[in-house]
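To start, the structure itself, in structure tokens.
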Amino acid sequence: MLDLETANNIANHIINAAGKRDDLRPMTAVVLDAGGAVICSQRQDGASPIRVDLAKGKAHGAVMMGISSRKLGERAEQQAYFIQAVNSICDGSLVPVAGGVLIRNTSGDIIGAVGVTGDTSDNDEELAIEAIEAQGLKADV
61 MLDLETANNI
71 ANHIINAAGK
81 RDDLRPMTAV
91 VLDAGGAVIC
101 SQRQDGASPI
111 RVDLAKGKAH
121 GAVMMGISSR
131 KLGERAEQQA
141 YFIQAVNSIC
151 DGSLVPVAGG
161 VLIRNTSGDI
171 IGAVGVTGDT
181 SDNDEELAIE
191 AIEAQGLKAD
201 V
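The sequence shown maps to residues 61 to 201 in our numbering.
This is the structure:
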């Protein structure tokens, strides 16, 4: 189970790490549990309000499909019709671009996902991985 303290630590790590880098735009992080419910979210000063929905969409797609949002994006390139159908089922809440990373416990079980947005998708994903691993958990990309 992903508890509130750990989820907050992940989100805090992302926002704090982004704040120390001058090369990143304002970031947003949303942490979901294994069922796709929001545990916490944080939006850095200056980040657009829509970023919360984008970050949630990255995490939601990852946790619901059991693969990272990067892999969902790759699948969308190969099977656009499938991802469109899944997105329709999810009421349009799936964002299939890098930045949504599964969170696994030390046993390898999916316990949640974090979605990060604000900069390039690669930078979003990098911050997510760093934050998950800082908690002693496994980032699945």
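Glycine included, C-beta positions come from ideal geometry on N, C-alpha and C.
Check	Outcome
When you compare each of Thr177, Ser108, Gly196 and Ser129 to Ser167 by their alpha carbons, which one comes out closest?	Gly196
Pick helix, strand or coil for Ser129, following the three-state DSSP scheme.	helix
Keeping to the same chain, check which residues put their C-beta closer than 6 Å to that of Ala188; ignore five residues upstream and five downstream.	Val161, Val174 and Val176
If you compare alpha carbons, which of Asp179, Ser153 and Ala119 is closest to Glu106?	Reading the sequence as shown, one finds Gly at residue 106 and not Glu. The candidate whose alpha carbon is nearest that of Gly106 is Asp179.
Among Met124, Ala78 and Gly126, which residue has its Cα nearest to the Cα of Arg103?	Ala78
Closer than 8 Å is the cut-off here; do at least three beta carbon pairs connect the stretch 143 to 162 with the stretch 109 to 128?	yes
Could you check the C-alpha separation between Ala136 and Lys116 for me, to the nearest Å?	18 Å
Based on the DSSP secondary-structure assignment, which residues constitute the bridge partners of Asp93?	Gly172
Report buried or exposed for Ala140, applying the criterion of at least 16 other Cβ atoms within 10 angstroms of its Cβ.	exposed
Pop quiz: Ile99 and Gly159 are said to be a contact at Cβ under 8 Å. What is the actual Cβ separation, rounded to whole angstroms?	Contact flag wrong, Cβ pair sits at about 17 Å.
Among residues of its own chain, excluding the 5 on either side of Ile143, which ones have a beta-carbon nearer than 8 Å to its beta-carbon?	Leu132, Arg135, Ala136, Leu154 and Pro156
Can you look up Lys116 in the DSSP assignment and give me helix, strand or coil?	helix
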